Amino acid sequence: FVAFSSITSGRGNAGQTNYGWSNSTMERIIEHRREDGYPGIAIQWGAIGDVGVILENMGDNNTVVGGTLPQRMPSCLAALDLFLSWNHPIVASYIKADIGAKKVGSSGNLWQTMAHILGVSDSAQLNPDAYLGDLGLDSLMGVEIKQALERDYDIVLSMKDIRTLTLNKLQQLVDSGGTSSTVLQTTELELKKESEKEAEQNTVEQLERQMNQLFKMRVDVNDLEPMDLIVKCNKVESGPPTFFVHSIEGIATPLKKVMSKCNFPAYCFQSTREVPQDSIEKVAQKYILEMKKIQPEGPYRIIGYSYGACIGFEMATMLQESDGADSVEKLILLDGSHLYMQTYRNVYRMAFGVTGDTLVNNPLFESEIMCAMTLRFANVDYKKFRVELLQQPGFKARVQKVVDTVMTTGLFKSADTIDFACCAMRSKFVMADKYKPERKFKGLITLIRAEQGAAREEDVGSDYGISQVSDENKVYIVEGDHDSFVQGKTSAKTVNIINDLIAETSKKVKNI
């Protein structure tokens, strides 16, 4: 239950007494809801950028309003995500304007402007002869550069022109007042290079959207370090026990809505401190041992979600090799497979510029994971914090930076919990990166996939490649995306399919 209030309510603003009073009244309603045990949070927003009144009637994203700068939309969404995990009824988010500072670019220092937009602290680090497209320019940065040139220098360029310019050429263009046409002339080789770069950039943007899904940390404060390696997730006692394998977060939470509605005893593994962190194969071995404590003999029923599909597949093929082909009765994969995870190898390397055979000790990759972890719990500037992480001498130092930052929120009692979560998350990515199945599954693999899956169909095929590693396969498609088909409204359809598949198992057992 989220209410959007205004910073005017908390700080006041001349001429807006009635507006502040009405927002304050709304906040008191939120406080009463919390006192009565109901959910509720009111967010006192400052000026909002990119859309709305400020942009339409008062200027742009650099307009100072009541001592504040408009808060850009990505920052608002990041703050909202953070606030929803806090246990406070009234919170606030605004950008305080530095009244004494000059607007970036207004002094005419082009290089400082470019460095600021590109997230580089020292403009001297920029290569003056490198194309802007080669300096890590993404689409959002391109828009910022375009707006800065138009606002500060009255120079209008297309996005394509901006990407093909070097800093030296851009400086020449600014010095000429934007009238020098020779600056924009590029050779045939440069145009070809830019065309190739643009095609690659489009691919990278698609893959980065895929990465955003994977880096969407579905963890809360209480989930960061699971205590129990295996948990029962419903109250059903009759029927064949079925074992779910977690997603990359290593916890049962993302699957709880599905498991709570299963018509059979549902158990889920969790990645605790005692779970191996060096290979999918060793994780599978550990989970098999734990599973046999609950169900000593087969046949077994295994369901793997997302990253857990790899572990579930490895468990099933290991069991078939050690206990016989009939030891696994059902293997169900939820929007995941070995090939689904392998596609992320390309995503890692294209999105983060990884060229080595392993992701271990790669600063770009590690910094991205640490950023995702930090943003889940603390309100930090993504670009600035990422640069700070990259400047750390190694992974341990990056983890310590995250620990120091997140501990300031007061959400955690122990820094060791954050340290464990960071190390475990990196280990899971590294394990998935190097995993390659060595055996085929002898039987039927059922894939239940989201209609808008995180993986691109051109990369994994309609069956996520399970036909390559199984005797038979069957695919069900459920409306929704990688999250909503197990957590949203359409999760009911996912549950119905799972219940029907496991019910087939029960009928076979009764017939025997």
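Heads up, the sequence shown is in the numbering used here, so the first residue is 13 and it goes up one at a time. C-beta: ideal position from N, C-alpha, C; glycine also. Computed from a prediction, not measured in an experiment: that's the story for all the values here.
For the options 448, 445, 355, 325, the alpha carbon positioned closest to that of residue 341 is the one of 325.
The shortest C-alpha to C-alpha distance from residue 249 to any of 456, 278, 454 is the one to 278.
The continuous alpha helix (DSSP H) containing residue 387 extends over residues 375 to 387. Taking the CA atoms as reference points, residue 312 sits about 19 Å from residue 507.
Three or more Cβ pairs drawn from the segment 453 to 463 and the segment 337 to 354 lie within less than 8 Å of each other, which places the two stretches in contact.
Ranked by Cα distance from residue 168, the first of 243, 155, 18, 511 is 155.
Ranked by how close their Cα comes to the Cα of residue 43, the residues 419, 347, 102 have 102 in first place.
In the DSSP annotation of this structure, residue 273 is not part of any alpha helix (DSSP H), being labelled neither H nor E. With 16 or more other Cβ atoms inside 10 Å of its own Cβ, residue 56 counts as buried. The way I'd put it, the segment 277 to 296 does touch the segment 431 to 439; three or more beta-carbon pairs between them come closer than 8 Å. Secondary structure note for residue 453: its beta strand (DSSP E) is the uninterrupted segment 453 to 464. The residues 245, 246, 256, 264, 278, 280, in chain order, have a CB closer than 8 Å to that of residue 271 in the same chain once the five nearest residues on each side in sequence are set aside. Each of 276, 58, 383 was checked against the Cα of residue 315, and the nearest Cα belongs to 276.
The three-state reading of DSSP puts residue 59 in coil, since its state is none of H, G, I, E or B.
In the structure shown, residue 485 adopts extended strand secondary structure according to DSSP, grouped into three states. The beta carbons of residue 401 and residue 410 sit about 5 Å from each other, so the pair counts as a contact at 8 Å. Sixteen is the threshold: since fewer than 16 other Cβ atoms of the shown chains lie within 10 Å of the Cβ of residue 448, the residue is exposed. With contacts defined by Cβ atoms closer than 9 Å, residue 127 and residue 133 form a contacting pair. By alpha-carbon distance to residue 144, the top candidate from 162, 163, 164, 181 is 181. Short of 7 Å from the beta carbon of residue 418, and not among the five residues preceding or following it, lie these beta carbons of its own chain, in chain order: 386, 389, 390, 424, 430. Annotation: residue 105 is outside any alpha helix (DSSP H); the continuous beta strand (DSSP E) that includes it extends over 102 to 105. Shown here, residue 83 sits in a strand according to DSSP, grouped into three states.
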